[in-house]
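Enquirer:
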Amino acid sequence: MTNLFDIKGKVALITGSTHGLGMAMAKGLGQAGATIVVNGNSSQEKIDNAVKELQSEGINAVGYKFNVTEEQEVKDAVAKIQAEVGPIDILINNAGIIKRIPLLDMEVSDFREVVDIDLVSPFIVSKHVAKGMIERRQGKIINICSMMSELGRNTVSAYAAAKGGLKMLTKNMATEWAKYNVQINGIGPGYFATEQTKPIRVDGHPFNDFIISRTPAAKWGDPSDLAGAAIFLSSKASDFVNGHILYVDGGILATIGKPSNEE
Numbered sequence: 676m677t678n679l680f681d682i683k684g685k686v687a688l689i690t691g692s693t694h695g696l697g698m699a700m701a702k703g704l705g706q707a708g709a710t711i712v713v714n715g716n717s718s719q720e721k722i723d724n725a726v727k728e729l730q731s732e733g734i735n736a737v738g739y740k741f742n743v744t745e746e747q748e749v750k751d752a753v754a755k756i757q758a759e760v761g762p763i764d765i766l767i768n769n770a771g772i773i774k775r776i777p778l779l780d781m782e783v784s785d786f787r788e789v790v791d792i793d794l795v796s797p798f799i800v801s802k803h804v805a806k807g808m809i810e811r812r813q814g815k816i817i818n819i820c821s822m823m824s825e826l827g828r829n830t831v832s833a834y835a836a837a838k839g840g841l842k843m844l845t846k847n848m849a850t851e852w853a854k855y856n857v858q859i860n861g862i863g864p865g866y867f868a869t870e871q872t873k874p875i876r877v878d879g880h881p882f883n884d885f886i887i888s889r890t891p892a893a894k895w896g897d898p899s900d901l902a903g904a905a906i907f908l909s910s911k912a913s914d915f916v917n918g919h920i921l922y923v924d925g926g927i928l929a930t931i932g933k934p935s936n937e938e
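The numbering of the sequence shown is this note's numbering, which starts it at 676 and goes up by one.
This is the structure we're talking about:
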């Protein structure tokens, strides 16, 4: 049974993995024996620091700086990774941004930037990684979706549009590539305890109280909670799972919630 979840020796490229949930998944897959290819675009220093952090935990990790929205950069980077590290067995499209701006106030350029990074870049990176997977007749692609792939929320219209599109892109990738023994699925994270959310994760903060009361599990997710889902979708255990979005959200999407007068 353990062989079903074995990813030892697999090469996993995780975009936007220098911090946050990308780093959490990198640690999870790395601790399970995969070689981790860290990606970022803001600075080489961040990439180097992320690689050192992973290596300090005994994980085999390397880093490559490239812009996931620029096709030629992606094409060159994929070729370089495959020449220097090996064929990419697992791709996690994690890079993304969010801009919290009301629709009427949002500039078209801001909307396009979010869609470009959150939706177009998974298409670009997957396109060039999948070619090798199709030739080898095996591979795993995981697109990081969101609860906003299913629900709207004030001020996140561009993000919700992109993540909703990513859900359907995932299904269409599966439609076209499943016949080549490539599995393409998504993970939809709920609300997680990261450095980004730390300032609002305090008792009495309205959003913290909202998340605790709205989530059936009555807590924020720990970034390590994504590791199991990522390993499952990266391993033989998911060989007949395709076009599925696995929501790791403590049950938020399972319920309409409860009235304020209920415990």
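Beta carbons are placed, not taken as given, at the ideal position from N, Cα and C, and that holds for glycine.
Predicted, not measured: the structure shown is a model, and the values here were computed from it.
Cβ atoms of residue 877 and residue 836: under 8 Å apart, would you say?
Expert: For residue 836 and residue 877, no; Cβs fall outside 8 Å.
Enquirer: I'd like to know if the stretch 826-841 and the stretch 867-883 are in contact, where contact means that at least 3 CB-CB pairs between them fall below 8 Å.
Expert: No: fewer than three Cβ pairs fall under 8 Å.
Enquirer: Which whole-angstrom value describes the C-beta separation of residue 806 and residue 858, a residue pair presumed to lie in contact below a C-beta threshold of 8 Å?
Expert: Actually they are not in contact, since the Cβ atoms of residue 806 and residue 858 sit about 16 Å apart, beyond 8 Å.
Enquirer: Going by DSSP, name the residue or residues bridged to residue 818.
Expert: 768, 861.
Enquirer: From 737, 833, 915, 840, pick the residue whose C-alpha is nearest to that of residue 689; which is it?
Expert: Nearest of 737, 833, 915, 840 to residue 689, Cα basis: 737.
Enquirer: Who are the near neighbours of residue 801 in its chain, counting only those whose CB is closer than 7 Å to its CB and skipping five residues on each side?
Expert: Here the set comprises 766, 768, 816, 848.
Enquirer: Report the residue from 879, 927, 906 whose alpha carbon sits nearest the alpha carbon of residue 764.
Expert: Among 879, 927, 906, the Cα nearest to that of residue 764 belongs to 906.
Enquirer: If you compare alpha carbons, which of 711, 927, 679, 682 is closest to residue 734?
Expert: The shortest Cα separation from residue 734 among 711, 927, 679, 682 belongs to 711.
Enquirer: With burial defined as no fewer than 16 other Cβ atoms inside 10 Å of the residue's Cβ, what is the status of residue 702: buried or exposed?
Expert: Result: buried.
Enquirer: Could you have a look at residue 714 and say whether DSSP puts it in helix, strand or coil?
Expert: Residue 714: strand per DSSP, three-state reduction.
Enquirer: The alpha helix (DSSP H) that contains residue 834, what's its start and end?
Expert: Counting along the chain, the alpha helix (DSSP H) containing residue 834 begins and ends at 832-852.
Enquirer: Where does residue 687 fall in DSSP's three states?
Expert: Three-state result, residue 687: strand.
Enquirer: Where do the N-terminal and C-terminal ends of the beta strand (DSSP E) with residue 921 fall, by residue?
Expert: It spans 920-923 - the beta strand (DSSP E) in which residue 921 sits, taken as one unbroken run.
Enquirer: What runs of the beta strand (DSSP E), each 3 residues or longer, lie entirely inside the stretch 736-793?
Expert: Entirely contained in the stretch 736-793, the beta strand (DSSP E) runs reaching 3 residues are, in chain order, 736-740, 765-768.
Enquirer: Under a Cβ-count criterion, where at least 16 other Cβ atoms within 10 Å of its own Cβ denotes burial, should residue 913 be classed as buried or exposed?
Expert: Counting Cβ neighbours within 10 Å, residue 913 comes out buried, since at least 16 surround it.
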